[in-house]
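Protein chains in written order, with UniProt numbering: chain A, 1 to 236; chain B, 1 to 305.
C-beta: ideal position from N, C-alpha, C; glycine also.
Since the structure is predicted, the reported quantities are computational estimates derived from the model, not experimental observations.
Reviewing the structure listed below.
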C-alpha cells in the first residue's frame with residue numbers, strides 16, 4: 001500500500017508534548033550551544049528511533065522556556081514559545097532556539113523554579129488516545145525559592161505557585177485532586193546539579209522524575225538526549 | 001541513584017540509565033560479592049517525615065504505596081524462582097524502599113540478546129520458542145498476565161557450553177492478574193505488540209471492560225513474536241493500520257508468511273485472531289504451542305525466510 005493512502009481512523013493515536021526549560025545565564029555559555037544543537041536535532045532523532053521501533057507519534061509539539069534570574073534582570077528572566085507543532089512549525093522553533101544567548105544571571109541561584117512552574121502549567125494536549133507530557137530541565141545552578149527573588153517585578157509570572165509545597169501539589173501524584181498534569185502522561189527529566197531544589201526536594205520526592213546530575217560548565221553530552229528519547233519511546 | 005551509592009546494602013557499580021525502561025532507572029550493583037540488577041521505580045514515592053505536601057496528600061500517597069507494595073509482593077509470592085520450569089523467568093530477589101523510592105532487585109543477567117533469532121537454525125528456533133512458551137505458560141497457569149510481552153522483554157541467549165539458545169523472560173513490573181488489569185489510563189503495553197482488546201481498552205471502548213484483559217493478551221503478542229522469530233518480520237498488514245491489532249480490530253487480515261509450514265501458519269493465525277470474547281474461540285487463553293511437523297515451523301519445500 002502506498003503512503004498516500006489515508007490512515008485508518010481507528011488506529012491508536014499518540015500525542016507527545018515536550019517542554020524544554022533551558023537555563024540561558026552566563027555560566028551556561030560553554031554548554032548552551034550543545035543544548036541548542038541537541039534541541040534542534042531532537043525531532044529528527046526521535047523520528048529515527050520511533051521508526052526503528054516501527055512506532056509512530058501522531059502529534060508532536062515542543063515548547064521552549066528559556067530562563068535567567070528575576071533577581072538580576074526581570075526584563076529577560078523568561079523567554080518562551082507557545083507549543084509548536086513539528087514538523088509544521090520547525091522554522092519558528094529553530095529561530096527561537098538559535099536566538100538564545102547565554103548572558104546575565106547575577107548570583108549563583110537562578111529562576112529555574114519559575115520556569116518549571118510555567119512548564120507544569122502549560123496547555124497540554126488532552127485529546128487523542130494516549131499522551132506523553134515531558135518536561136526537560138537543563139541547568140547548572142540551584143534555584144531561588146519560589147515567590148521570593150524578583151517576585152515583585154512586573155514580569156514575574158502571576159499565576160504560578162508561591163511555595164514548593166504548592167508546586168508539589170500542582171505536579172501531583174496518583175489520585176491527586178490538585179494536579180494540573182495528567183498523572184499517567186507526565187515525566188520530568190532533570191539535567192541539573194546535585195543541589196537544591198533539584199536533588200532532594202524534587203529529584204527524590206516527586207514521582208515520575210529522572211535526575212541526571214550536571215556540573216557547572218560541563219555539558220549535555222550526546223547520550224543525555226538519548227535519555228529523553230528513551231523516556232518517550234519506551235513508554236509508547 | 002548514582003555510581004558508588006549504597007542503596008539497601010547494594011553498591012551501584014555502573015552509571016544508572018533508563019535505556020529500554022519506561023518508568024524506571026536501572027544499574028548493576030553488588031552485595032556480598034554477588035552481582036545484581038537494581039531497578040529504581042519512578043512512582044509511587046513514599047512521603048517522608050518532614051517532606052512536602054498536606055496531611056491529606058500524605059494519606060492518599062501512603063495508600064497508593066500500600067497498594068503498590070501489595071501488588072508487587074503478590075506477584076513475587078506467586079512467581080517463586082525455585083518453581084519448576086521457572087529457570088527462564090528472571091524474577092525478583094528483593095523489593096524494598098530506601099528513603100522515598102522503591103527498588104527491585106534481580107540476579108545480574110547478561111542483557112545482551114541475539115538480535116536476529118530468525119537467523120538461527122531450525123532446531124535452535126524450535127527450542128527457543130518452546131522455552132519462551134513454557135515460561136509464559138508457567139505465568140498463565142497461575143493466572144498472571146505478563147502485560148508487556150515484546151522482543152525487548154525477552155533475552156535470547158546461549159549459555160557457555162550450552163547447545164541451544166533459550167529465551168529469558170524479563171520485566172514483570174507491569175504484570176497483573178488475569179481479568180484485573182490497571183485502569184485504562186494506567187495500563188502499560190506496547191503499541192506494536194498490544195492485543196486488539198488491549199487497544200480498545202486503552203481507547204476507552206466501553207464494550208471492553210477490565211474482565212476482557214486476560215492471559216490471551218500475551219498469547220496475541222506471542223503469536224506475533226513467533227512470526228518474528230521464524231521469519232524476521234511481523235505478519236504483513238495494510239499500511240493504513242498503525243499495528244497488527246489495529247488491523248485485526250478493523251477486521252482486516254494479517255498475512256502470515258506462506259513459507260511457514262501450514263500448521264504453523266494456522267497456529268499463528270489463531271494466536272493473532274480477534275478478541276476471544278468476540279465469539280472467536282481460536283485464540284486460546286492459555287499458551288498452546290505446536291510448531292508443526294518440522295519442529296522449526298518452516299515448510300519442507302520452501303526457502304527459509
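Straight-line spacing of the CA atoms in residue 229 (chain B) and residue 58 (chain B) works out to 48 angstroms. Listed in chain order, the positions of the segment 218 to 248 of chain B with a beta carbon within less than 9 angstroms of a beta carbon of chain A are 234, 238, 239, 240, 241, 242, 243, 245, 246 and 247. The continuous beta strand (DSSP E) containing residue 97 (chain B) extends over residues 92 to 98. Taking the Cα positions, residue 206 (chain A) is about 7 angstroms away from residue 168 (chain A). With respect to the 8 angstroms criterion, residue 22 (chain B) and residue 235 (chain A) are classified as neighbours on the basis of their beta carbons.
The Cβ atoms of residue 142 (chain A) and residue 109 (chain A) sit closer than 8 angstroms to each other. Judged by DSSP in its simplified three-state form, residue 116 (chain A) adopts helix.
In this model, residue 132 (chain A) and residue 163 (chain B) are separated by some 44 angstroms (Cα to Cα). Any Cβ of chain A closer than 8 angstroms to the Cβ of residue 66 (chain B) would place that residue at the interface, and such an atom is absent. Among the residues of chain A, those whose CB is under 8 angstroms from the CB of residue 192 (chain B) are 53, 54 and 55, following chain order. Residue nearest to residue 125 (chain B) within the set B:231, B:144 and B:100 is B:231 (criterion: CA-CA distance). Scanning chain B for C-beta atoms nearer than 8 angstroms to the C-beta of residue 143 (chain A) yields nothing, as the closest lies near 15 angstroms away.
Interface criterion met: the Cβ of residue 12 (chain A) is under 8 angstroms from a Cβ in chain B. Under the DSSP definition of a beta bridge, residue 137 (chain A) partners with A:21 and A:190.
Classified as buried, residue 39 (chain B) has 16 or more neighbouring CB atoms from the shown chains inside 10 Å of its CB. Residues of chain B whose Cβ lies closer than 7 angstroms to the Cβ of residue 168 (chain A) are, in chain order, 52 and 53. Straight through space, the alpha carbons of residue 17 (chain A) and residue 34 (chain A) are spaced by roughly 22 angstroms.
The residues 139, 175, 176, 177, 178, 181, 213, 214, 215, 217 and 218, in chain order, have a CB closer than 8 angstroms to that of residue 145 (chain B) in the same chain once the five nearest residues on each side in sequence are set aside.
Distance from the CA atom of residue 196 (chain B) to the CA atom of residue 55 (chain B), rounded to whole angstroms, is 42 angstroms. Inter-residue distance for residue 234 (chain B) and residue 118 (chain B) is about 12 angstroms (C-alpha atoms, whole angstroms).
Taken through DSSP and simplified to helix, strand or coil, residue 166 (chain B) comes out as strand. Residue 230 (chain B) carries a helical assignment under DSSP once its states are collapsed to helix, strand and coil. In this structure residue 175 (chain A) is not in contact with residue 106 (chain B), their Cβ atoms being roughly 29 angstroms apart against a cut-off of 8 angstroms. Sequence-distant Cβ neighbours of residue 92 (chain B) in its own chain, meaning closer than 7 angstroms and more than five residues away, are 76, 104, 105 and 106. Contact of residue 161 (chain A) with chain B by beta-carbon distance below 9 angstroms is absent, the smallest such distance being about 11 angstroms. When beta bridges are read from the DSSP output, residue 110 (chain A) appears opposite A:143.
Using a CB distance below 8 angstroms, the part of the segment 193 to 208 of chain A facing chain B consists of 201, 204, 205, 206, 207 and 208, ordered along the chain.
At a cut-off of 8 angstroms, the C-beta of residue 18 (chain B) has a neighbouring C-beta in chain A.
For the segment 58 to 82 of chain B, the set of residues with a beta-carbon nearer than 7 angstroms to any beta-carbon of chain A comprises 60, 61 and 64, in chain order. Per DSSP, residue 241 (chain B) is not a residue of any beta strand (DSSP E), being assigned neither H nor E.
The closest CA to that of residue 75 (chain A), considering only A:23, A:228 and A:153, is found on A:153. Listed along chain A, the residues sitting closer than 7 angstroms to residue 22 (chain B) by beta-carbon distance are 234 and 235. If you look at residue 102 (chain B), you'll find it in the beta strand (DSSP E) that goes 101 to 107.
Taken in chain order, the complete beta strand (DSSP E) segments of 3 or more residues contained in the segment 43 to 96 of chain A are 59 to 67, 78 to 80 and 84 to 86. DSSP assignment within the segment 139 to 193 of chain B yields the following whole beta strand (DSSP E) runs of 3 residues or more, N-terminal first: 154 to 157 and 166 to 169. Judged by DSSP secondary structure, residue 35 (chain B) falls within the beta strand (DSSP E) whose first and last residues are 34 to 41.
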